[in-house]
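Working notes, beginning with the structure itself.
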Amino acid sequence: MRPTVTRFAPSPTGYIHVGNLRTALMNYLIARKTGGTFILRLDDTDQERSKQEYIDGLKQDLEWLGLHWDRIEQQSKRFDRYYEAAEELKAKGRFYECFETPVELDLKRKKLLNMGRPPVYDRASFRLSAEEREAMRAEGRQGYWRFLLDQNRIEWQDGILGPISIDAASVSDPVLIRADGQILYTFASSVDDIDMGVTNIVRGADHVTNTATQIQIMQAMGGTPPAFAHHSLLTGPQGEELSKRLGVLALRDLRERGVEPMALLSLMARLGSSKPVEIAGSMQELIDGFDVESFGAAPTKLDSEDLFPMTRAILAQRPYAAVKDQVAALGVPEAIAESFWNVARENITVMADLRQWWELFRDGAEPLVDEEDRDFVAQAMGLLPPQPWTHETWGQWTAAVKEATGRKGKGLFRPLRRALTGRDAGPEMADVMPLLQKVRK
RNA sequence: GGCCCGUUCGUCUAUCGGUUAGGACACCUGGUUUUCAACCAGGUAAGAGGGGUUCGACUCCCCUACGGGCUGCCA
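So the mapping is simple: our numbering equals the position in the first sequence, first residue as 1, plus 703.
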C-alpha cells in the first residue's frame, strides 16, 4: 500500500463533537494504516467565526483521544497562495467576476423556486461584456468571483457510496471569493488538498456536492483529485438529527462525563460499518481492523449511552499501574491501593465512581437492614472477629454465623452484605473484608 | 421544487438471483456465582409498500412512502 496523505480539516467555529471525531478518526486511521501523513488543517477562512479558543479546544480533544497529527496547517496563513491560485484560474478563464448583491441573488433563487425550477445561478454576470463590467465597477459595485463549472457530469468512485455521478448543470457555479476579498472554504480547501498532496479524503456526506465542484476546481488547477469517501451522517437513537443533541455529544462533554477515549474510538471506528463494534486494546488494533469500504451509506444511529458499558468494560480490565496516581489521589493508603483497585474496578462505570467505593471502605456504610433481619444481623455482628481482617475473614465469620443461627445461602449472605456495605451489589465480600476500614452499626 | 444517497432482527450490518436470510451488540433463558458483573451454553427476532423482469428476486428495473444530505458572497 502506498503511503497516504490524509487530513482532518475542522473549522474552529465551535467545539468538536462525535460527528467530527468520526471524520477525524477515519482519516487518521487511513494515514496510519499505510505509514502515511495525517494533517490537521484548520479551515479558518471565516475569520468572523473562527476563534483561537476553539483551535485550542480541538487540539486538546484530539490529544485526549491520542489522534496525533504529523503536520498542522492553517488556512488563514495561506491567503497569498489562494490569491495566486485565483489569478491562475482567472488566466485560464475559469474564474469570472459577478456583481449581483446577496439580495439580488436571493431574489433570483426565490423566483426560480416559484417557477418550480432548480435554484441554479443563471450566469448572468458571466455574459456581461467588458464594458458592462466596467460600468458595474464605475457604479461602485464590488465584484465577487465564481468558478465556471464545466457543465457535464462529474463522476467519481466513492470509497463508501460507490459510483457517484452529479450533473454540473444542476449545481450553481460556486462563489470562491467574496466581494470583500474573503477566500471561501471551497476554494481554499481545493488548493490545499492539491498543494499538500492529499491522497485520500474521508468526510461527511454533507460534502458530496462540494466534492463534485472541488474535483473540477482541482482539475482546473492541473491537480489530480484525491480519492474521496463520504461517510453517512450520524443521527440520534431515534433517527433524529444529531445537531439537536449536540450539546451532550461534544467531545469535551463526553470526556467530562467520564467516557474512556478507547470506548469512543472503538465505537466510532466501527459504528455504521459491517464490522462488529469491539473494544480495541490499542490504537494499533484500531488501525489494523479499519476499513473505510466496510461502511454503509445509510444514516447511522448513534446512542451515546452505549459509551458507558464500553467504558465500564475497559475500566474492569485496567491494570493498577495505569491508575496508580488516580488511586493515590483519592487518599487510598499505598499498602492497600492495588487490592482496592482490583476489587473496585469491576464495580465502576466511570473513574469518578471510584470515590464512592473508597469512601465506603474508609468510612463504612450506613447499614441496610430489613426489619425481619434485625435480630439476625445484631447476632452476627456480635460474632464478627476484631480487625484486622483478611481474605479468609468472611468465610470464617459466615461459617460461625451459620452455626449460631442456622441460616444459610442467600438468607445468610445477603443481609450481611447489606449490613456491611449498605448495598445489594458489589465486589465479592471475601475481597471486601480486608479493605473495609470501619463498620458502622 | 431540483439534485444526490439511503430503507434487512431493537441496534450496526452480511448476502455480488437459488441461503433453514448469517454475524455482532442488546435482550431473554439456563449453567456458574453470596449479590452485581464476567464467563459458558442456548433462544426470541428482520428484507417499507406496490408493480414488473425471471423457472426463481432481499438481491435487477419502475413507482410510492419514509429517512438523510445538498440546493449560501457558511464550512
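Cβ coordinates follow ideal geometry from the N, Cα and C atoms, glycine included.
Around the beta-carbon of T716, fewer than 16 other beta-carbon atoms lie within 10 Å, marking it exposed.
L954 and R1021 have their C-alpha atoms roughly 22 Å apart. Under the 8 Å Cβ criterion, the stretch 844 to 851 counts as touching the stretch 873 to 884, having at least three qualifying pairs. The beta carbon of T707 sits closer than 8 Å to the beta carbons of I733, A734, K736, T737, G739, T740, T902, N903 from its chain, once the five residues preceding and following it are set aside; these are given in chain order.
Counting C-beta atoms within 10 angstroms of its own C-beta, E803 has 16 or more neighbours from the protein chains shown and is therefore classed as buried. A residue is called buried once 16 or more other Cβ atoms fall within 10 Å of its Cβ, and E959, having fewer, is exposed.
Of the other Cβ atoms in all chains shown, fewer than 16 fall within 10 Å of the Cβ of Y786; this residue is therefore exposed. By the Cβ test, the stretch 868 to 882 is in contact with the stretch 908 to 924, since at least three Cβ pairs between them sit closer than 8 Å. Between L968 and L1115, the beta carbon gap of about 45 Å keeps them out of contact (Cβ cut-off 8 Å). Per DSSP, the unbroken beta strand (DSSP E) holding N903 starts and ends at 903 to 907. Close CB contacts of R744 within its chain, under the 6 Å cut and outside five residues either way in sequence, are with R710, A712, E776 (chain order).
In the structure shown, L879 falls within a strand segment according to DSSP collapsed to helix, strand and coil.
Pairing N1045 with V1053, the inter-Cα distance amounts to about 15 Å. With fewer than 16 other CB atoms across the displayed protein chains lying within 10 angstroms of its CB, G769 is exposed.
Restricting attention to L831, I920, T1096, the CA atom closest to the CA of L852 is found in I920. By the neighbour-count criterion, in which a residue is buried when 16 or more other Cβ atoms sit within 10 angstroms of its Cβ, T1124 is buried. Residue range 708 to 711 is occupied by the beta strand (DSSP E) that includes R710. Around the C-beta of F1079, 16 or more other C-beta atoms lie within 10 Å, and the residue is accordingly described as buried. For the 9 Å CB-CB criterion, E1069 and R1143 form a contact.
V980 and A1040 have their alpha carbons spaced roughly 33 Å apart. For S868, the enclosing beta strand (DSSP E) starts and ends at 865 to 870.
Here I863 is actually not in contact with A972; their C-beta atoms are around 14 Å apart, not less than 8 Å. K1004 carries a strand assignment under DSSP once its states are collapsed to helix, strand and coil. Around the Cβ of P1137, a 10 Å sphere holds 16 or more other Cβ atoms; the residue is buried. The alpha carbon of M1132 has as its nearest neighbour, out of R1065, T1108, T1101, the alpha carbon of T1101.
If you draw a straight line from the Cα of S893 to the Cα of D747, it is about 14 Å long.
DSSP places R1143 in no alpha helix (DSSP H); its state is neither H nor E. Per the coordinates, the alpha-carbon of D1028 lies some 41 Å from the alpha-carbon of K1111.
In this structure, E963 places its C-beta atom within 9 Å of the C-beta atom of I1017.
Separation of the CB atoms of A930 and Q778 is rounded to 22 Å, and the pair is thereby denied contact status at 8 Å. Scanning V905, Q763, G1129 for the CA closest to the CA of Y731 turns up V905. A direct Cα-Cα distance of roughly 18 Å separates P821 from S828. With a cutoff of 9 Å on beta-carbon distance, P866 and L936 are scored as not near each other. Going by C-alpha positions, S868 is about 58 Å away from G1129.
In this structure, DSSP gives I719 a state outside helix and strand, which the three-state scheme calls coil. For T912, the closest of S714, R856, G819 by C-alpha to C-alpha distance is R856.
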